[in-house]
Amino acid sequence: MADLSMAFLSLLILLPLTLLLLLYIIVRPRPVKIPIKNRHVFITGGSSGIGLALAHRAAGEGASVSILARNRKKLEEAKEAIRLSTGVEVAIFSADVRDFSAVKKAVEEAGPIDVLVCNQGVFMPQELESQDLAEVKFMIDVNLMGTFHLIKAALPLMKKDRKERGPASIAIVSSQAGQVGVYGYTAYSASKFGLRGLAEALQQEVITDDIHVSLIFPPDTETPGFEEESMKRPELTSIIAASSGAMKADEVAKRSIDGIKRGDFIVPCNFEGILLSIATAGLSPQRSYLMAFVEYRKVALSKEIEAVDPAS
Ligand SMILES: NC(=O)C1=CN([C@@H]2O[C@H](COP(=O)(O)OP(=O)(O)OC[C@H]3O[C@@H](n4cnc5c(N)ncnc54)[C@H](OP(=O)(O)O)[C@@H]3O)[C@@H](O)[C@H]2O)C=CC1
Ligand SMILES: CCCCCCCCCCCCCCCC(=O)[C@@H](N)CO
C-alpha cells in the first residue's frame with residue numbers, strides 16, 4: 159500500500175519534471191549560428207512595415223543591407239531613414255516580385271546574398287464567396303510565387319563559395335494565418351500555408367550547402383499595410399486575430415532576426431505563436447525528420463565521393 163502511494167507520488171513529481179525538461183529542450187536558447195554583422199542581408203518589402211523594421215535592425219547590427227520593393231519613392235525614403243538612424247547606406251532595388259526577370263536582375267546586381275529575407279506580402283481579407291478571383295490570384299502571386307521567384311533567382315549565387323562565406327539563411331515571412339486558417343483569410347492563409355510547404359522541402363534540399371531556412375509567423379503587426387487592412391477587415395477576422403494580440407513592427411523584427419541568427423526553422427513572434435507552433439506540431443517533428451534527412455544526405459554524399467575517389 160505504502161509502495162503504491164510512493165510510486166504514485168514519484169510519478170506525480172516526475173511527470174511534470176519530464177514535461178518541463180522536454181519543453182526546455184524544445185525552447186532553450188541555442189548559440190548564435192548565423193551571424194548578421196558584416197554580411198549581406200537582402201530584404202524584400204524592405205520599404206515599409208516589418209521589412210523596413212528588419213532593414214533598420216540589420217543595418218544597426220552592422221550588416222550590409224539591400225531592400226527590394228516596387229515603389230521607388232518609398233525605397234528612397236526608407237534608405238534616407240535608415241541612413242539617418244544608423245549611418246548605413248542601404249542598396250535599393252525597384253522590382254515587382256511577380257516579374258522573375260526583374261527579380262533575377264536585382265538579385266544579380268545586389269551581389270552574393272548571405273541572408274535572404276522574403277518578406278513582401280499583400281493581404282486583402284474577405285469571405286471567399288464575395289472575393290474577386292483576381293484578388294485571390296494577386297495574393298498567391300505576390301506572396302507565394304514571388305517567393306519562388308526570389309529563391310530561384312538567389313539560390314545559385316547563395317550556394318557559391320558558401321564554405322568560405324559561412325552559413326547562410328533563407329528567411330520567409332509567413333503569418334499566424336499561415337499556422338491556422340483564419341476566417342476571411344482563405345486566399346491569404348492558403349498563400350502563407352504554401353510558403354510552409356516550400357520551406358520544409360527546401361530546407362532538406364539546401365541543408366548540405368549550410369543554408370538554413372527560417373519560417374517566421376507574426377501575429378497582427380502595426381504597419382502601414384495593416385492599418386489599411388484593418389479598415390476593411392471582416393469583423394470576425396479581427397476578433398479571431400485579436401486573440402493573439404498585436405505587435406509593433408520593431409518587436410517582430412527583433413524576434414525574426416534572433417530566430418534567423420539561431421538558425422531556427424520555426425520562428426514564432428509571441429506567446430500565442432509558440433502555442434500555435436506546438437498545437438500544429440511545428441516545433442520538434444521538423445527537427446527530427448530533418449536530422450534523419452541530413453544523415454541520409456551525408457551518406458548519399460559520401461557514397462558519391464567514394465565513387466569518384468575510392469581511396470578517400
Ligand atoms: N502587418 C501584419 O499584421 C502582418 C504581416 N505579415 C506579413 O509580413 C509581411 C510584411 O507585411 P507589412 O509590413 O504589414 O506590409 P506593408 O504593406 O506595410 O509593406 C509591404 C511591403 O512589401 C512590398 N511589396 C508589396 N508587393 C510587392 C511586390 N509585388 N513586389 C515587391 N514588393 C512588394 C511593399 O512595397 P511596394 O508596395 O512599393 O512594392 C512594401 O515594402 C507580409 O508578407 C505580410 O503578409 C504577417 C503577419 C502579420
Ligand atoms: C492553441 C493556441 C491558441 C492561441 C490563439 C491564437 C489564435 C489564432 C490567431 C490568428 C491570428 C492571425 C493573424 C494574422 C495577421 C496577418 O497576417 C494579417 N494582419 C495580415 O497582415
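Quick note on our numbering: the sequence shown kicks off at 159 and runs consecutively.
Cβ atoms here follow ideal geometry from the backbone N, Cα and C, with glycine treated the same way.
Distance check for residue j and residue i, CA to CA, integer angstroms please.
i: residue 169; j: residue 434; result: 28 Å
i: residue 254; j: residue 176; result: 50 Å
i: residue 162; j: residue 171; result: 14 Å
i: residue 443; j: residue 330; result: Bear in mind that a pLDDT of 49 at residue 443, under 50, signals an unreliable position, so the model cannot answer this.
i: residue 223; j: residue 174; result: 45 Å
i: residue 230; j: residue 181; result: 46 Å
i: residue 371; j: residue 213; result: 19 Å
i: residue 302; j: residue 167; result: 52 Å
i: residue 206; j: residue 341; result: 26 Å
i: residue 233; j: residue 252; result: 8 Å
i: residue 298; j: residue 348; result: 8 Å
i: residue 200; j: residue 272; result: 8 Å
i: residue 384; j: residue 280; result: 10 Å
i: residue 264; j: residue 204; result: 14 Å
i: residue 353; j: residue 178; result: 31 Å
i: residue 309; j: residue 366; result: 17 Å
Any heavy atom of ligand 1 closer than 7 Å to the beta-carbon of residue i?
i: residue 392; result: no
i: residue 278; result: yes
i: residue 232; result: yes
Taking the alpha carbon of residue i as the reference point, which residue from the options has its own alpha carbon closest?
i: residue 326; options: 334, 256, 317 and 293; result: 317
i: residue 249; options: 236, 417 and 370; result: 236
i: residue 305; options: 417, 357 and 367; result: 357
i: residue 393; options: 210, 343, 348 and 245; result: 343
i: residue 307; options: 375, 278 and 415; result: 278
i: residue 191; options: 295, 369, 438 and 390; result: 369
Under a three-way DSSP split, which group does residue i fall into?
i: residue 258; result: helix
i: residue 405; result: strand
i: residue 201; result: strand
i: residue 338; result: coil
i: residue 443; result: The pLDDT assigned to residue 443 is 49, lower than 50, so where the model puts this residue is not dependable; a value taken from the coordinates is nonetheless given after this. Correct three-state label for residue 443: helix.
i: residue 423; result: coil
i: residue 375; result: strand
Between residue i and ligand 2, is there a pair consisting of the residue's CB and a ligand heavy atom that are separated by less than 7 Å?
i: residue 338; result: yes
i: residue 398; result: yes
i: residue 401; result: yes
i: residue 335; result: yes
i: residue 281; result: yes
i: residue 377; result: yes
Which complete alpha helix (DSSP H) runs does the region 222 to 254 hold, if anything under 4 residues is left out? Whole alpha helix (DSSP H) segments, 4+ residues: 230 to 244.
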